[in-house]
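Single-structure report; data block below.
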Amino acid sequence: MATNDLPILVAVRPITYHGERQLGNKWTHLVHSLRALLQKKSVEESESSEGLMLFSFNHPYSAYSSVFQSLETVKREQGWKDSQGTVPVQIVFHLSSKSDPGTAVRELSSNLWNFLQQEKPYVTRALKVQWDQFMAGKDLPEHSFENEGEGVFRLVFTSTAALIKSEELFPCRDLPLRGKTEECFYCGMNSHAPAVCPSKFLTMDMRGLADVGYVPFPLLVESFKKVFANQKSVVNLLAAGVDPAKIRKNVALLVYVAYFDIFKVFQPRFLWNMTFSSFAKWGAAEKSESLKINNRHMQFGLDYLRVGKYAQAEEAFSAERLNREGKPFYAAIGQAFVALEKGRVHDMGGFLDRAQSLASLEKERIYNGLLLTRYYNLIGDYWKAKETVTFTLKNKLDCSEVLYYQIQLEAATDFNESMFKQLQMLVLEQKSFFMAAMMDPRLLPVHGFVEEMLSAKVHTVTQKAKENMARAKIECDELLHWFDEDHEKMQLNVTTLANLEKQFQRKSYYDLLNVAAKAKALIHAARQLREESLDVLKEKIDAHRILYEKYQKFWNAYSYKPFFKKFQTTLAEVPKIVNLMRKLIKESSGKEYRDAVVLEEKLEKNLEGLKQTLGRMLWIKTAMEAVKRFGKYLIYSELVLAGVGIGLIFLISMALPDSSGAGLFKFISDPWFQKQAMFIITLLIAPLVALSLTVWSLKD
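For what it's worth, the working numbering labels the leading residue of the sequence shown as 1, then goes sequentially.
Spelled out as structure tokens, the structure:
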């Protein structure tokens, strides 16, 4: 067995020559009884023998309590008296691992057996190192360890060790079996016949296993005891009709329905769902869907079966089997249920065999295989039942329902290491199987072992939830150093933590699982919030740095610096603030983050001020450039226009040599005209041209 499956090894060595001297022939019976009791509470290893019994447990607490309670039980059975002293057995507890499998503990010839005291608990160094971690949350008497050499330590309690008792998670799984009838095919009880099984009042919408895990263990045990001590009131409630939504609000009803869910595959409600489901695969057969009831014979047949009208049910199912386009497979199973309720068990087997020949879909082969396995089991043909469940498993190797029924079957005959691994896998992967294994009366033959495994699982989940909660609280407290209490995500995290603390206090199995998972997610969310906030701040710093470089480049090329000396002073502060912010956020702590945020706000205000100043600087630069260009263009315009004017006068005088142009020439040559023309060119036309050229050159 892999050491991580059952890590705690317990080695029990009977000292035969002392035992026979004290008890004679009764000694052998005492050892056999002790071994038998421990086999029910653990997994006995393959190399275990009467000379050195080796058992594997999940947890040292349950290992210790199981060993010493079993020892007390056999002492009472054999009439062992205190005057006889201690029972001649030596006991060592070891934390097995790949690096330290506990070779010395497993060998009868090891030197460590030469000096160990009788009926005293010893712990190896490997277990002692992790003892406090294992026992966190356990109510242990005050104790200490005394080094005995050879790598073992004697566990010494200051008060009586009898205070350590095994924790029974669910001590009432036998209640459904209290009765005088044969086991009901539909639900496994011994208090009624299939024809009057309360499961016939249930539909597939009425489920309990999905929610019963939210009931705290003490309340669950109390409710289970009450409801099975007096089932009549709950059965009457079911018979009158119950809204599925109301089941969750009635703990007794929820627990009762959850019990029937363990056996739902064998009940008429499951046949109804399978008959009208449109899915072909087994895993999808229970998915929620609007069932298309398109077959009157099957509908009526199932309705007649539910109310006990067997003649009409038989007639409807027979008609369906003859319908070429009908559902002959499901009709055959319906006939099998009719035969079962009428007490014709042999006929039931015949109909199931007939259904097997009609099965074509995966879900049909698995469904019929489970029904046949249960049928063979109840008629006492265990070999045929095992063969059938093994064959059924070939249709879908990971089919949870088949794997679980195989465990149920082997519990009464050959519950071995492979079955333990199988059950452990189901319990770990699907929380509903934890609840099923806890309440299932079919696992009564291995009750101690299953209890030990489930108790260890609860302890592990509780510790994980507690650890994750503690870490989540630390993370949320740390956030208070980073953000104000009115921060949106901060409030969400605080509210989530408060809700998880309330959920943890309920301490139901499903609540513990949820707390462990959600607290871990909260830890991640808190860290992610800090990381995202740092990333946002880093992005802002980078953006500010880029903006600073643009401003610096602009300033270096700016020609009118004397007008804006304050701009240079403010700009020079930017890289200092940026570097200080980077240094602060590198610390990744709340105080430094808040200081960096304050600096970032200051920096943003400074850059905003620079931006506003930049607008004025651009205006001044543009105005100065416009003046320069206007003056230049004005001079050019005046010179060009004056030249053009002189040229025009010259051309006109040249073009009018005769007397006809004497008057025009005289007018052009008039000094007054020339003076007015130059005035217009210089003060009106030239400025307009210069202004147009200036505007055109500055348009970009």
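Ideal Cβ placement from N, Cα and C applies to all residues, glycine included.
Report task. Tell me, to the nearest whole angstrom, how far the beta carbon of A465 is from that of A543; I am working on the premise that it is less than 8 Å. Result -> Not really, about 43 Å apart at Cβ, beyond 8 Å.
Query - Helix, strand or coil at L254 [DSSP, three-state] - result: helix
Report task. For D486, count neighbouring Cβ atoms within 10 angstroms of its own Cβ and tell me buried if that reaches 16, exposed if not. Result -> exposed
Requested in this report: Taking 8 Å as the cut-off, decide whether the C-beta atoms of V87 and K98 are in contact.
Outcome: no
Query raised in the report: Can you tell which of V574, R269, Y186 and P176 has its C-alpha closest to the C-alpha of F228?
Result: P176
Report task. Specify, as a first and last residue, the run of the alpha helix (DSSP H) that Y376 falls within. Result -> E362 to L378
Query raised in the report: Do the stretch 135-143 and the stretch 445-465 meet, that is, are 3 or more Cβ pairs less than 8 Å apart?
Result: yes
Query raised in the report: Taking the alpha-carbon positions, what's the I379 to C399 distance?
Result: 25 Å
Report task. With DSSP collapsed to three states, give me the class of M206. Result -> coil
Query raised in the report: Helix, strand or coil: which one does DSSP assign to S144?
Result: strand
Query - Cβ separation of L116 and Q90, assumed to be a contact under 8 Å, to the nearest whole Å - result: 4 Å
Query - Supposed close pair C187, F260 - CB separation, criterion 8 Å - result: 6 Å
Query raised in the report: Rounded to a whole number of angstroms, what is the C-alpha to C-alpha distance between A161 and Y61?
Result: Residue placement at A161 is flagged as unreliable, the pLDDT there being 49, under the threshold of 50; a coordinate-derived value is accordingly withheld.
Report task. Between the Cα of L112 and those of R154, A525 and K621, spot the shortest distance and give me the residue it belongs to. Result -> R154
**Report entry** H32: first and last residue of the uninterrupted alpha helix (DSSP H) it sits in
**Finding:** K26 to K41
**Report entry** Opposing strand residues paired with Q90 [DSSP bridges]
**Finding:** R13
Report task. Would you tell me roughly how many angstroms separate the C-alpha atoms of E417 and V43, rounded to the nearest one? Result -> 7 Å
**Report entry** C-beta contact flag for E475 and R527 at 8 Å
**Finding:** yes
Query raised in the report: For A572, which of I366, M469, K553 and C197 has the nearest alpha-carbon?
Result: K553
Requested in this report: Check whether the stretch 264-282 touches the stretch 314-322, taking contact to mean three or more Cβ pairs, one atom from each stretch, closer than 8 Å.
Outcome: no
Report task. Compare the C-alpha of D347 against each of P328, L372 and S360 and name the closest. Result -> L372
Query raised in the report: Hey, quick one: how far does the beta strand (DSSP E) through S455 stretch, first residue to last?
Result: Counting along the chain, S455 falls outside any beta strand (DSSP E), though it belongs to the alpha helix (DSSP H) covering H447 to L480.
Query raised in the report: Just reading off the beta strand (DSSP E) that F263 is part of, what are its end residues?
Result: Neither: F263 is in no beta strand (DSSP E) and is coded neither H nor E.
Query raised in the report: How is the beta strand (DSSP E) around F57 delimited, first residue to last?
Result: M53 to F57
Report task. Decide if Q491 is buried, meaning its Cβ has at least 16 other Cβ atoms within 10 Å, or exposed. Result -> exposed
Report task. Please report how far the alpha carbon of L691 lies from the alpha carbon of G615, in whole angstroms. Result -> 23 Å
**Report entry** alpha helix (DSSP H) segment containing Y310, residue limits
**Finding:** Y310 to L322
Query - Contact under 8 Å by Cβ, N323 with R365 - result: no
Query raised in the report: Under three-state DSSP, which class holds R594?
Result: helix
Query raised in the report: Going straight from the alpha carbon of R296 to that of N499, what length do you get?
Result: 50 Å
Requested in this report: Go to P121, then tell me how far its beta strand (DSSP E) extends in each direction, as first and last residue.
Outcome: P121 to T124
Query - Beta-carbon spacing of R306, K200 below 8 Å - result: yes
Report task. Can you grab the Cα-Cα spacing for the pair S83 / L23, in whole Å? Result -> 13 Å
Requested in this report: Would you please state the rounded distance, in angstroms, between the beta carbons of M453 and E501? I believe it to be under 8 Å.
Outcome: Not quite, the Cβ-Cβ distance comes to about 28 Å (not below 8 Å), so this is no contact.
Report task. Within 10 angstroms of the Cβ of W80, are there 16 or more other Cβ atoms? Answer buried if so, exposed if not. Result -> buried
Query raised in the report: For V578, which of helix, strand or coil comes out of DSSP?
Result: helix
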